[in-house]
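Numbering (the numbering used here), first residue to last: 70 to 391.
All remarks here apply to the structure that follows.
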């Protein structure tokens, strides 16, 4: 795979500083039952990296400090980690909102038959990746048969109350472009998703989030192979919107890798760009250190979060743009 960091480090992106931390985003490991083209983590079935028990045990200690509102669990497929359910249970007991970044097909993996019921019982917010509402596009990006399984998973979640008004069970969908383009207008695409998924499959959901693909890892390497890398980075730069700087996710989030090391965001994590400062900050440091006011490590890929409507782990930053 082509290295993208050397192509991104020299940048004129504006400097940023962190505000009060609210979101602890934890990558539990890179093992996944899928190998998606756009995956910036380069996750897949053959990846074996996963968080050990000692590092996992630090997470509830950090959350117990009381300042954290959200535990955002990602991977790979975070549900494949043997400690996933215990961690979710403890976090909910601490009254922390838990987000599970779910690829939907994980609900049908061996040993996960009761996963949907577990998530509902603990009121875990599901952030489900669904690249499109058509079978052809989804299977092209994620593998043959993925679309049908994803639809069955959404129907199973709906049956438990997910995405239903008044249930308190949040089901959000995530869209990533398939090509080297910016995401379309989030509100317009959400309307199309609602119409198509309801009409053809009877599926309901809360919100659709559009997220730009980052020119890193698997997607970045593909761009280099096709000779599209520089053009894509230029596209992100040309669509830079200064207003998005105020709400980029790195302002109130810290990302934790499977070894417990800290990063400004999940994308920096995959590029190996740690928090700025002395040493290599670790999860245990959050037990006694406040990162508010610290500078954020930026590079050319940061234009991906600020282009057009903007992009974050919670979708578009400016709903009116685009």
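Every residue gets a Cβ at the ideal spot worked out from N, C-alpha and C, and that includes glycine.
Reference residue i, options the options, closest by Cα
| i | options | result |
| --- | --- | --- |
| residue 250 | 225, 280, 81 | 280 |
| residue 86 | 75, 314, 382 | 314 |
| residue 379 | 326, 366, 245, 221 | 245 |
| residue 96 | 88, 102, 118 | 118 |
| residue 468 | 90, 202, 149 | Nothing can be reported for residue 468: it is not among the residues displayed for the chain, which extend from 70 to 391. |
| residue 138 | 144, 166, 386 | 166 |
| residue 337 | 355, 178, 356, 368 | 368 |
| residue 358 | 136, 303, 101, 80 | 136 |
| residue 168 | 184, 178, 174, 157 | 157 |
| residue 191 | 221, 172, 159, 177 | 159 |
| residue 238 | 256, 248, 273 | 273 |
| residue 286 | 341, 353, 153 | 341 |
| residue 48 | 364, 327, 182 | The structure shown has nothing for residue 48, since the chain only spans 70 to 391. |
| residue 326 | 259, 144, 242, 372 | 144 |
| residue 170 | 266, 240, 224, 296 | 240 |
| residue 151 | 125, 78, 77 | 125 |
Boundaries (first-last residue) of the alpha helix (DSSP H) holding residue i
| i | result |
| --- | --- |
| residue 185 | 184 to 190 |
| residue 374 | 372 to 375 |
| residue 301 | 298 to 307 |
| residue 77 | 74 to 77 |
DSSP three-state assignment for residue i, whether helix, strand or coil
| i | result |
| --- | --- |
| residue 195 | strand |
| residue 339 | helix |
| residue 354 | helix |
| residue 262 | helix |
| residue 317 | coil |
| residue 219 | helix |
| residue 330 | strand |
| residue 311 | helix |
| residue 285 | coil |
| residue 400 | No answer is possible for residue 400: the residues shown for the chain start at 70 and end at 391. |
Residue(s) in a DSSP beta bridge with residue i
| i | result |
| --- | --- |
| residue 241 | 196, 276 |
| residue 170 | 196 |
| residue 154 | Partner(s): none; residue 154 has no beta bridge. |
| residue 119 | 98 |
| residue 128 | The partner list for residue 128 (beta bridge, DSSP) is empty, contrary to what the question assumes. |
| residue 113 | 100 |
| residue 381 | 384 |
| residue 93 | 140, 323 |
Proximity test, Cβ basis, 8 Å: residue i and chain D
| i | result |
| --- | --- |
| residue 92 | Among the protein chains of the structure shown there is no chain D, as only one such chain exists. |
Where the beta strand (DSSP E) through residue i begins and ends
| i | result |
| --- | --- |
| residue 142 | 139 to 143 |
| residue 324 | 322 to 325 |
Cβ-heavy atom distance, residue i to the ligand FAD, below 7 Å
| i | result |
| --- | --- |
| residue 242 | Absence of the ligand FAD is noted for the structure shown, with no ligands found whatsoever. |
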